[in-house]
Each structure stands twice: as structure tokens, then as C-alpha cells.
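Novice: Please find one structure pasted underneath; my questions will follow.
Number of protein chains: 2
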Amino acid sequence: MKRRNTPTKAAVLSLLAGADSAMSHDMLLEMLEDSVDRATIYRILNRFCADGVVHRVLADDGKQYFALCEDCAQQTEHSHNHFHFRCLTCSRVECLGTEVSVNLPSGYRAENFNGVISGVCSRCG
Amino acid sequence: MKRRNTPTKAAVLSLLAGADSAMSHDMLLEMLEDSVDRATIYRILNRFCADGVVHRVLADDGKQYFALCEDCAQQTEHSHNHFHFRCLTCSRVECLGTEVSVNLPSGYRAENFNGVISGVCSRCG
DNA sequence: ATATTATTGCAATTAAGTCGCAATAATTGA
DNA sequence: TCAATTATTGCGACTTAATTGCAATAATAT
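Structure (C-alpha cells):
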């Protein structure tokens, strides 16, 4: 399963790189002006996740949002224990820098972290 | 919109009260042996949420889970800043007691907190 | 007992995401 | 450079979670 470079893949990547917030499938689809099939975008994003290029956030609106793994790319222990903030007004999903550590009961092993706080951001408040 | 007491509402409430973990729609439906319509359960749970009887957790499997607001019932500031743990093996969603405080950038106002960690719990690990 | 209206059941619908499969197009190697 | 291999795409159908409209039912108040 060696990965190939395709125009669409590159386009999605550059959109994510240029974005100042996490993006959903619809947002990407819209920005690509429907020149690409929905399923293709889903698949590209899933591959990015599998490859650790991007991380996935399931927001409390039930949608998945994706953001580039910028800072965490170099780290060996690839953890995403930080929160995301979803603005109920402008519906932007942005990354809150602060890493959070939750100590689990003994015997528990964490595999995935998903923390979302929704509310109103400063520019909408 | 004054609330009425119905057998189904009481049944759902007692199931939630007796559960040691958060419950999803399907789980409730199954425990009620399909004697109640799906939509009814959804509506009852949404009313419970609106009334602050129950809190809703959106887990990273894309499903909603509901748990009684036990400890937090008496508090005036009704905050749910605690994590839930979803076991990937037994798929139980349980409440992690520890309250977490995330400090937002200035000008941000939090409305909702949704924190889920998934992994393997002690009895499955 | 009766009127009011919240709640229910049913069916249809929305929305997010996935999947199978044939067609297309990156890559690899001669 | 060209052909072979196979990852990727597009299309459509499908799955799953949850919501909604509406008529029928039943809990409450008078």
C-alpha cells in the first residue's frame, strides 16, 4: 500500500496547511468547488490520519474536523492531548495549545483523546 | 411546556439510575425490549438534557451517551468538566471523576465541555 | 367528567460517513 | 519511452445515528 501523489491529495494538504483552523469535509468540498467527489475527500483525510499527517477531532456537532499535525510532527510520542474550541457562532474549530493530562485509573490504557469545548470565541463574543 | 410523567419516562430514568456507566439509545432500547419506539427514547433523553437531569456525552464512536447528573445535581454552577472513558473492547462509557479546568484565551466563553478518552479499561486490559 | 395539550408511535427524512466496483492514472521497471 | 502494476478516483448505493411531521393517545388541570 505505497502512497501515490495526486493533485487532489496535494490540494487538500495545501488547504489544510493554509487554514488557521480545523476543517470539515464540507468545508474542503466547498473550497475545492465540488471538482472532487465527496468520497474521495473522505478517503484522502482518512489516509492522512492513518499516516499521522493530520489529526481528527470529533466535535460536539457530530462532525469530524481535521488539522495538520504541525508542532507534533517531530515528537516521537505522538500525543494529541489538547483541546479544541468550536465557536457556536462562526463555527470555526480551533486548536487550544495547552496540553492536558488526565490520569486514568490504574489498569486503564488510553488510545485516543478527544476534547472539545464549544462556546463563543473572542471575535464573535 | 409543562412536563408530564409517563411510564416510559420513568422506566428510562430508572435504567439510567441503575446503570454504572453512561448509556446510549440502543442500549436503552434493548433493555426496554423494544416495547418503546426509538424516537420516543430520543425525545425523552433530549428532554432530560434540556431539564438538566442528564448529561450528554458525544463519544468518539459518533454516538451519544447519557448519564444521570448525580453529584452535580446540588451544585448551582452546573458544570460537566470531566472526562469520560470509552472502552474499545467492552464499549462501556464511564465517567472519570476528575474535574478538569482548561483556561481559554481571553474573550472566549465556554458553553459546553465534551471530553472523551478511549482505550482499554482495566477489566478488559 | 371534560378539556387541554404534552407525549407517543409510525413512517419518512436528514445528515455524516462508508463501501463496492469499474475506470483512471501514478509509479515502477524493462 | 512504453507497458505492467496497483493505488486512487468517481459514482452510486448503502449504513448508522438522530430528527421531524402528524395523527392518535394519554397525563394533567378545571
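Listed in order, the protein sequences are those of chains A and B. If you're matching positions, the first sequence starts at 1 in the UniProt record's numbering and goes up one per residue. If you're matching positions, the second sequence starts at 1 in the UniProt record's numbering and goes up one per residue. The C-beta atom is built at its ideal place from N, Cα and C for all residues, glycine as well.
Would you please verify whether the beta carbon of Gly107(A) is less than 8 Å from any beta carbon of chain B?
Specialist: Yes, Gly107(A) lies at the interface with chain B (some Cβ there is under 8 Å from its Cβ).
Novice: On a CA-only basis, which of Glu111(A), Cys121(A), Asn103(A) and Lys2(A) is nearest Asp51(A)? Give me that one, please.
Specialist: Selected option, being the one with the closest Cα: Lys2(A).
Novice: Name, please, each residue of chain B whose Cβ falls closer than 8 Å to the Cβ of residue 175(A).
Specialist: In the structure as shown, chain A starts at 1 and stops at 125, and residue 175(A) therefore has no counterpart that could be examined.
Novice: Specify, as a first and last residue, the run of the alpha helix (DSSP H) that Ala39(A) falls within.
Specialist: Counting along the chain, the alpha helix (DSSP H) containing Ala39(A) begins and ends at Arg38 to Ala50.
Novice: Pick helix, strand or coil for Ser24(B), following the three-state DSSP scheme.
Specialist: Reduced to three states, the DSSP call for Ser24(B) is strand.
Novice: Please list, in chain order, all residues of the same chain as Asn81(B) whose beta carbon is under 6 Å from its beta carbon, the five residues on each side excluded.
Specialist: Glu99, Val100 and Phe113, listed in sequence order.
Novice: Just to confirm my understanding: we take Ile44(B), look at its own chain, exclude 5 residues before and 5 after, and list those with CB closer than 7 Å. What are they?
Specialist: Thr8, Lys9 and Val12, listed in sequence order.
Novice: Near Ile117(B), which residues of its chain fall below 6 Å by C-beta distance, leaving aside the five closest residues on each side in sequence?
Specialist: Taken in chain order, the residues that qualify are Phe83 and Phe85.
Novice: So which residues on chain B does Val120(A) lean against when the C-beta distance must stay under 8 Å?
Specialist: Tyr108, Arg109 and Glu111, listed in chain order.
Novice: So with CB distances below 8 Å, who are the chain A contacts of Phe48(B)?
Specialist: The premise fails here: Phe48(B) is roughly 17 Å from chain A at the closest Cβ pair, so nothing lies under 8 Å.
Novice: Residues of chain A with CB closer than 7 Å to the CB of Phe66(B), please, in chain order.
Specialist: Per Cβ cutoff of 7 Å: no residues; Phe66(B) is ~14 Å from chain A at best.
Novice: Closer than 7 Å, Cβ to Cβ, to anything on chain A: give me those residues from the region 31 to 58 of chain B, in chain order.
Specialist: Those residues of the region 31 to 58 of chain B that come within reach of chain A (Cβ to Cβ, closer than 7 Å) are Leu58.
Novice: Measuring CB to CB, does Cys49(B) end up less than 8 Å from Arg38(B)?
Specialist: Against a cut-off of 8 Å, the Cβ pair of Arg38(B) and Cys49(B) comes out as no contact.
Novice: Three-state secondary structure (DSSP) at Leu88(A)?
Specialist: Leu88(A): coil per DSSP, three-state reduction.
Novice: Under the DSSP definition of a beta bridge, which residues are partnered with Tyr65(B)?
Specialist: Tyr65(B) is bridged to Ser24(B) and Val57(B).
Novice: So which residues of chain A does Asp60(B) contact, with C-beta pairs closer than 7 Å?
Specialist: Correct list: Leu58, Asn112 and Asn114.
Novice: Quick check on this structure: which residue in Thr6(A), Val120(A), Asn46(A) and Arg47(A) has the alpha carbon closest to the alpha carbon of Val93(A)?
Specialist: Minimum Cα distance to Val93(A) is reached at Val120(A).
Novice: One question on the structure: do Leu16(A) and Phe66(A) come within less than 8 Å of each other, judged by their Cβ atoms?
Specialist: For Leu16(A) and Phe66(A), yes; Cβs fall inside 8 Å.
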